[in-house]
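**Q** Numbering (my numbering), first residue to last: -15 to 235. Just so it is clear, CB atoms sit at the ideal spot from N, CA and C, and this is done for glycine as well. Since the structure is predicted, the reported quantities are computational estimates derived from the model, not experimental observations. Before anything else, here's the structure in question.
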Ligand code: TMP
Ligand code: ASP
């Protein structure tokens, strides 16, 4: 449990619950053990996943904060609770891809595992009922989600995060295949990295393992019924812990 007095539930997503606290400038995020895929058509409880993703996300946020990335992150409090600044989430999923995998290979004639000539940035409209459709810049403007200047900031931030995370994971013996981030506006209008960065939201391959399935250390183990999901996330935590500052306990 969070040491803050947790007030009402503000939002429940597939993997997290977000609560108001007794402080207007602090929101508590509870990481759940639920695992979902394919727009929640596939669902399971994986004991320990919430705590692992909370800890991994905290380590990564600490790492990014130290490198000048503005985030909502304040600290952790308990095994699966994170304290963050309140933000209005922009309903856009920002995906950066370094290696072809997943939907890119289903939608385009590119073989899985192909190293992309440069990072590919894809934007999706965050709406489960619509199946998170791919956005064009014109569609983004049509929906009024981000203006041109904000889009440029988001793109630069996402590519900066990609450089920092690729280097971090490289030192951990992991290849950052792709990842998804979400951003939000704070009450003073600042654009902040939000949500989580974990093996639920990244594809991470063990560089020392050649086998295409055995090297997977992310949610593709769940999506593809490979087993060993929590063990893989534990391995990611073990490696990332060696490279990041310890998460601050907030409060
Ligand atoms: P994709 O290949 O399915 O488009 O996924 C790209 C990356 O985004 C991958 O690292 C998984 C992550 N992702 C999420 O975090 N949430 C989602 O809902 C989806 C579809 C992908
Ligand atoms: N996060 C999405 C879901 O829970 C899709 C995915 O990650 O594969 O359904």
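(1) Relative to the C-alpha of residue 225, which candidate in 47, 71 and 26 has its C-alpha closest?
(2) Might you give, ordered along the chain, the residues of its own chain that have their beta carbon closer than 6 Å to the beta carbon of residue 232, omitting 5 neighbours on each side?
(3) Under the three-state reduction of DSSP, which class applies to residue 126: helix, strand or coil?
(4) If you count every other CB in all the chains shown that lies within 10 Å of the CB of residue 192, and 16 or more means buried, which is it?
(5) By a C-beta neighbour count over all protein chains shown, 10 Å radius and 16 as the cutoff for buried, is residue 82 buried or exposed?
(6) With the cut-off set at 8 Å, would you say residue 166 and residue 184 are in Cβ contact?
(7) Tell me the residue span of the beta strand (DSSP E) that contains residue 2.
(8) Considering only heavy atoms of the ligand TMP, does any lie closer than 7 Å to the CB of residue 205?
(9) According to DSSP, what are the bridge partners of residue 165?
(10) Would you call the region 195 to 206 and the region 38 to 47 touching, i.e. three or more CB-CB distances under 8 Å?
(11) Cβ of residue 15 versus every heavy atom of the ligand ASP: is any distance shorter than 7 Å?
(12) Of the choices 30, 9 and 86, whose alpha-carbon is the least far from that of residue 56?
(13) Tell me whether the region 17 to 34 and the region 129 to 149 touch, counting them as touching only if at least three CB pairs, one residue from each stretch, are closer than 8 Å.
(14) The ligand ASP: which residues have Cβ under 5 Å from any of its heavy atoms, chain order?
(15) Are the CB atoms of residue 80 and residue 108 within a distance shorter than 8 Å?
(16) I need the straight-line Cα distance from residue -11 to residue 34, nearest angstrom please.
(17) Determine contact between the region 89 to 102 and the region 123 to 136, defined as no fewer than three beta-carbon pairs at a distance below 8 Å.
(18) When the Cβ atoms of the region 68 to 75 are set against those of the region -1 to 15, are three or more pairs found closer than 8 Å?
(19) How should residue 155 be labelled, buried or exposed, when 16 other C-beta atoms within 10 angstroms of its C-beta is the threshold for buried?
(20) Using 10 angstroms around the beta-carbon of residue 222, count the other beta-carbons present and answer buried if the total reaches 16, otherwise exposed.
(21) Spatial neighbours of residue 12 within its chain, please: CB distance less than 7 Å, with the 5 preceding and 5 following residues excluded, ordered by chain position.
(22) In terms of residues, what are the limits of the alpha helix (DSSP H) holding residue 210?
**A** On the basis of the supplied data:
(1) Along the chain shown, read from residue 1 onward, the residue named residue 225 stands at position 241. Here the closest residue by C-alpha is 47.
(2) Here residue 232 corresponds to residue number 248 of the chain shown, with the count starting at 1. If we look at residue 232 and ignore the five residues flanking it on each side, its Cβ neighbours are 59.
(3) The residue labelled residue 126 in the question sits at position 142 within the chain shown. It is helical.
(4) Stepping through the chain shown from its first residue, residue 192 is reached at position 208. Under this definition residue 192 is an exposed residue.
(5) By one-based count along the chain shown, residue 82 stands at place 98. Residue 82 is buried by the Cβ-count criterion.
(6) Your numbering for residue 166 matches position 182 in the chain shown. Your numbering for residue 184 matches position 200 in the chain shown. No, they are not a contact pair.
(7) As a first step, residue 2 is located in the chain shown; it is residue number 18 there, counting from the start. Here the beta strand (DSSP E) through residue 2 covers 0 to 5.
(8) Counted from its first residue, the chain shown places residue 205 at position 221. Every heavy atom of the ligand TMP is 7 Å or more from the Cβ of residue 205, so no.
(9) Locating residue 165 in the chain shown gives position 181, counting from the first residue. Answer is 78.
(10) no
(11) By one-based count along the chain shown, residue 15 stands at place 31. No - the ligand ASP has no heavy atom lying nearer than 7 Å to the Cβ of residue 15.
(12) Walking along the chain shown from the start, residue 56 turns up at place 72. Looking at the Cα atoms, 9 is the closest of the given residues.
(13) No contact exists between the region 17 to 34 and the region 129 to 149.
(14) -2, 20, 21, 23 and 24
(15) On the chain shown, residue 108 is found 124 positions in, with the first residue counted as 1. On the chain shown, residue 80 is found 96 positions in, with the first residue counted as 1. The answer is no: Cβ separation not under 8 Å.
(16) Taking the chain shown and counting its residues from 1, the one referred to as residue -11 is at position 5. Taking the chain shown and counting its residues from 1, the one referred to as residue 34 is at position 50. So the two alpha carbons sit approximately 20 Å from each other.
(17) no
(18) yes
(19) Mapped onto the chain shown, residue 155 falls at position 171. Exposed.
(20) By one-based count along the chain shown, residue 222 stands at place 238. Exposed, since its Cβ has fewer than 16 Cβ neighbours within 10 Å.
(21) Counting from 1 along the chain shown, the entry for residue 12 is found at position 28. Excluding sequence neighbours, residue 12 sits near -14, -12, -10, 3, 5, 65 and 67.
(22) Looking up residue 210 in the chain shown gives position 226. Per DSSP, residue 210 belongs to no alpha helix (DSSP H) and is neither H nor E.
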